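Here the structure comes first, spelled out in structure tokens, and everything after it is commentary.
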Amino acid sequence: MYVYLYIPLLILIVFSFNGGRMATIWEGFSLRWYAEVMQSDQFRAATVNSLVVASCAAFLATTLATLAALGFRGRPIRGQGMMVPFLSFPLVIPEIVTAVATLIFFISIGVPLGMVGLIAAHTVFCIPFAFITIKARMDVMDDTLEQAANDLYADPRRTFFSVTLPLLWPAILAGFILAFIVSLDDFVISLFLAGPSSTTLPIYMFGMMRLGVTPAVNAVSTILLVMSVLFVLIAAWINRMQRK
Amino acid sequence: MKLRTIASAALAALLGAGAALAEEEKQVNLFFWPSYIPDELLERFTKETGIAITMDIYDTNEALLAKLQAGAAGYDVVIPSGYIVPTMIQAGLLQKFDAPSLPNGGNIAPGFADPEFDPGRQYTAPYMWGTTGLVYDSAGTDVELPESWSVFFEPGPLSGKVAALDDEVEVFNAAAYYLGIDKCTEDPREGQQILDLLSAQKPHLLLYGSSGTIDRVLAGEVTMHHIWNGAAHRVRKARDTARYIYPKEGITQWADNLAIPTGAEHPENAKIFIDFLMKPENVAEITNFTGYMNAISGSEPYLTPEIAADPAVNMPAEYADRLRPGRECSPAARDLRNRIWTRLKK
Amino acid sequence: MSTAASVAGRRRAGLAAPAILCIAFFMGGPMCIMVFVSLVERAPDGGVIWGNFTTDAYKQFLFEENLLGETTLNADYLRIYLRSALLAGFTVLATLIVGFPTAMYIAMQHPRRRALLIFFLSLPFWVNLLVRNYAWLLLLRANGLLDQAAMALRLTSEPLNILYSNTAIAIGLTYSFLPLMVLPIYAAMEKFDFSLVEAAFDLGASRWQALMHVIVPGVKGGIVAGCLLVFIPGLGSYVTPVLLGGSKSLMIGNLIETQFAAARNWPFGAALAFVLLMMVMAAALLRAALLRKSRRAKSSNP
Chain A
99 MYVYLYIPLL ILIVFSFNGG RMATIWEGFS LRWYAEVMQS DQFRAATVNS LVVASCAAFL
159 ATTLATLAAL GFRGRPIRGQ GMMVPFLSFP LVIPEIVTAV ATLIFFISIG VPLGMVGLIA
219 AHTVFCIPFA FITIKARMDV MDDTLEQAAN DLYADPRRTF FSVTLPLLWP AILAGFILAF
279 IVSLDDFVIS LFLAGPSSTT LPIYMFGMMR LGVTPAVNAV STILLVMSVL FVLIAAWINR
339 MQRK
Chain B
1271 MKLRTIASAA LAALLGAGAA LAEEEKQVNL FFWPSYIPDE LLERFTKETG IAITMDIYDT
1331 NEALLAKLQA GAAGYDVVIP SGYIVPTMIQ AGLLQKFDAP SLPNGGNIAP GFADPEFDPG
1391 RQYTAPYMWG TTGLVYDSAG TDVELPESWS VFFEPGPLSG KVAALDDEVE VFNAAAYYLG
1451 IDKCTEDPRE GQQILDLLSA QKPHLLLYGS SGTIDRVLAG EVTMHHIWNG AAHRVRKARD
1511 TARYIYPKEG ITQWADNLAI PTGAEHPENA KIFIDFLMKP ENVAEITNFT GYMNAISGSE
1571 PYLTPEIAAD PAVNMPAEYA DRLRPGRECS PAARDLRNRI WTRLKK
Chain C
117 MSTAASVAGR RRAGLAAPAI LCIAFFMGGP MCIMVFVSLV ERAPDGGVIW GNFTTDAYKQ
177 FLFEENLLGE TTLNADYLRI YLRSALLAGF TVLATLIVGF PTAMYIAMQH PRRRALLIFF
237 LSLPFWVNLL VRNYAWLLLL RANGLLDQAA MALRLTSEPL NILYSNTAIA IGLTYSFLPL
297 MVLPIYAAME KFDFSLVEAA FDLGASRWQA LMHVIVPGVK GGIVAGCLLV FIPGLGSYVT
357 PVLLGGSKSL MIGNLIETQF AAARNWPFGA ALAFVLLMMV MAAALLRAAL LRKSRRAKSS
417 NP
């Protein structure tokens, strides 16, 4: 199973160090494709755009999702049965439908194509990922500590910041990371909604692949992979620090 | 107005975007096909003029049209193909800048100075042009193939080793040339003939694919590929047994153009950029990089010998009467074409 | 008391409001506009004429005019939808067959090992979808790495010719969506009490019986969620058919895209998207019905 999962990635990484022009015929070890990619202004601009969109969208989505999860805590409020599934609505709509519909929507209400629209759209489809993660944690969270804080006359705000939030923090972080990666990965919606100076990494890569598959594409992919893994490791590390 | 344009452009060329343009920030936003201009040239432009460049990419003319229709303001230079230019002008998406009036405007080659899609070059300047033909590896066929679409539609021994572009328009047009039918036909009977031809061809194709064409031929996945001539040139550079075919029934000639959208934020910088690309030594660099011919007189001395010697790029004059310029079809013709394409792939 | 509760309820509803409103505006708005666009007349060069209502787009989905101007049934689009649904269904089946044992294996490990296994399972999922497909392209192409490996092992002397077929699409989709199947099943299994299985064995159940009558009902929610999570993106897949399928047969996603590109028929594209949305909603409703049924069965038979 894990072999099946990893062989394609392994091959991808190995061939990014290929010295030759061809993506499938090995011609010796070389870092030339990494050098070529790193020197490209377009690659750097796309990386910056991707990181900006992903950070903003993940931050907004996590904030909204956390608030919503807090709202759904404890005794169900009226309409909750409808509201919780509604928050996963973006998850069940095929990406191509979202992309097309959002494009038309932006045109008709006059939102200019570009970073702002891109961040808004990404935020929306990131909310379910953050929400599901945070809600799952909240459902199994013990509220005795909060009860105790209340009994000790801590005001609600204090209870929230010194008890609830620290307990919830790992889930919020996990939700953020998930949202971040989902945003970083998105291609179809970004392609439809990108405007001037908002080309993201997947769009840039798609452009490279149209011309032909050189090991440069592998190099970009490997860089993307390393970036994703790095974020997860940082999250895991923070998580462990928290627990200590 | 015109005088002012000339004056400002001339001044810009002299001073490298000087005082006259002080009100525009030193930036120009390009919206291009991917890998259609060498990075080194962009860097040189920035160094010479002090104007920074941002680059975004799109992958079809229709995507460009849709984006501009959607009100994507801020792109300063775009490169629509000829056939879609009239639609864009009519929709008010492009602004006039009178290309011949730019300092290097006189360099436009005679055959490209007054195109049907933009008489007098009021809205566009020429960029690259090329053809959509066939490339094959003669090492895989043992014989030289005839210059006809027949080898593509009835591949015989090459069955299963042929790839077509995944492009509704290009595939439909090739079939129309081969059958001698108008590519903008609205007649369902003629449409049916084209569908029959394409359906009969489909089992012999390995795939429809527009990306990775060069690699596919070089890796030996296919022996023949329906291809744009710049890609064919790159195949030939790596494999000297590769041949490019200009089919005798007709071959699409497309021409990409530099244009300034109505919503451009830096129209003056856009003109400076376009003028820069009409300088023979600069545009030659693009031809050397892309493998597509330019339409600027005087660029020939700057071409690399391998480009100049490749008939796939530097078309021999005897093929000129085989060229069929790309054309915008009527909505009815487009609908018929799309229905045939859908039915072919149903 | 009741007023205090309702104030608290209102305050909590206020917390949820931003997320709800955000989705209602940025998802609900587009969906409404899309339905609207599917019901108006198209402009000849792309875009739409807002005021002119027509159901042409939906008629075009089912009917066409033949040479004599008569209206006849046109099954082309239905076939494309059916093929996409079958392929998505097959992907669900394949991910279930591979994913279920995996989830079970992980759930039965030591908790620390579990976290590690889950991490490594989801890692490839964080790699860009384009990249994952592209990696399979390198593997499957004729004389590519799979062929070379098979020939070196003398399993075959001919290229396997897997690439550019529906098989290749299925392989790519299965690979891409596997974690979406494993994670929900795993989440359900983590809560599942495996002592029930031992009890079943004690009562003389076979392994198969224990699986079908004890484990599967216990993690049913996870299985259904996984199936839905795989089915939906499978149905709308766009990149995989182009890269791995050789684009020889259209899928829904590609069909919709061409309406906004070469065909410049926005209302038809919107109508196609709406039909797709209805298919997804049907799948979601089916899930809700299944869950309700199992819940009722549980409550009536404790």
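Protein chains in written order, with my numbering: chain A, 99 to 342; chain B, 1271 to 1616; chain C, 117 to 418. Here a beta-carbon is modelled for each residue, glycine too, at the ideal position from N, C-alpha and C. Note that the structure is a prediction, hence the values are computed from the model and not measured.
- Counted as a single uninterrupted DSSP element, the stretch harbouring C:P240 is not any beta strand (DSSP E), since DSSP gives it neither H nor E.
- Judged by DSSP in its simplified three-state form, B:W1611 adopts helix.
- Classified as exposed, B:A1470 has fewer than 16 neighbouring CB atoms from the shown chains inside 10 Å of its CB.
- Beta-carbon to beta-carbon, C:A304 and C:G337 are separated by about 6 angstroms, close enough to satisfy the 8 angstroms threshold.
- A straight-line Cα-Cα distance of about 28 angstroms links C:F141 and B:Y1345.
- Taking 8 angstroms as the upper bound for CB-CB distance, A:A219 and A:I287 are in contact here, some 6 angstroms apart.
- B:R1592 and C:I348 have their C-alpha atoms some 48 angstroms from each other.
- A direct Cα-Cα distance of roughly 40 angstroms separates B:R1609 from C:Q264.
- Listed in chain order, the alpha helix (DSSP H) elements of length 4 or more contained wholly in the region 1505-1575 of chain B are 1537-1546 and 1550-1560.
- Counting of Cβ neighbours within 10 angstroms places A:A156 among the buried residues, the total reaching 16 or more.
- Distances from the alpha-carbon of B:D1466 to those of B:R1314, B:A1603 and B:K1615 put B:K1615 closest.
- Assignment of B:S1351 by DSSP, reduced to helix, strand and coil, places it in the strand class.
- In this structure the region 1592-1608 of chain B does not touch the region 146-164 of chain A; the number of beta carbon pairs closer than 8 angstroms is below three.
- If you compare the alpha carbons of B:E1598, B:Y1514, B:T1612 and B:I1307 with that of B:A1579, the shortest gap goes to B:Y1514.
- Residues of chain B with a Cβ closer than 7 angstroms to the Cβ of C:G163 are, in chain order, Q1339.
- Nearest CB-CB separation between B:T1357 and chain C: below the 8 angstroms threshold.
- Taking the Cα of C:V298 as reference, the smallest distance to any Cα among C:P217, C:I136, C:I149 and C:T171 is reached at C:P217.
- Rounded to whole angstroms, the separation of the alpha carbons of C:S363 and C:E306 is 41 angstroms.
- Put simply, the backbone Cα of C:L388 is about 11 angstroms away from that of C:K175.
- If you draw a 10 Å sphere on the C-beta of B:S1600, you find fewer than 16 other C-beta atoms in it, and that means exposed.
- Per DSSP, reduced to three states, the secondary structure at C:Q225 is coil, with no helix or strand assignment.
- In this chain, the beta strand (DSSP E) harbouring B:T1324 covers A1322 to I1327.
- At a beta-carbon threshold of 7 angstroms, the residues of chain A lying near B:A1343 are P210, ordered along the chain.
- At a cut-off of 8 angstroms between beta carbons, A:A228 makes no contact with chain B.
- Non-local beta-carbon contacts of C:V355 in its own chain, meaning distances under 7 angstroms to residues more than five positions away in sequence, involve L245, L246 and N249 in chain order.
- The closest CA to that of B:M1585, considering only B:N1539, B:A1603 and B:H1503, is found on B:H1503.
- Taking 8 angstroms as the CB threshold, A:I287 stays off the interface with chain B.
- Take the alpha-carbon of B:A1582 and the one of B:E1440: they are about 18 angstroms apart.
- For B:P1396, the enclosing beta strand (DSSP E) starts and ends at T1394 to D1407.
- Nothing from the region 1411-1427 of chain B brings a Cβ to less than 9 angstroms from some Cβ of chain A.
- Contact holds between the region 286-298 of chain C and the region 209-224 of chain C, because three or more Cβ pairs, one in each stretch, are under 8 angstroms apart.
- Distance from the Cα of A:P300 is smallest, within the candidate group A:D249, A:I111 and A:V151, for A:V151.
- The beta carbon of A:L185 lies closer than 7 angstroms to those of A166, I225, P226 and F229 in the same chain, with the five residues before and after it left out.
- Secondary structure at A:M239: coil, using DSSP grouped into helix, strand and coil.
- For B:T1324, a Cβ of chain A is located within less than 8 angstroms of the residue's own Cβ.
- At a cut-off of 8 angstroms between beta-carbon atoms, A:T221 makes contact with chain C.
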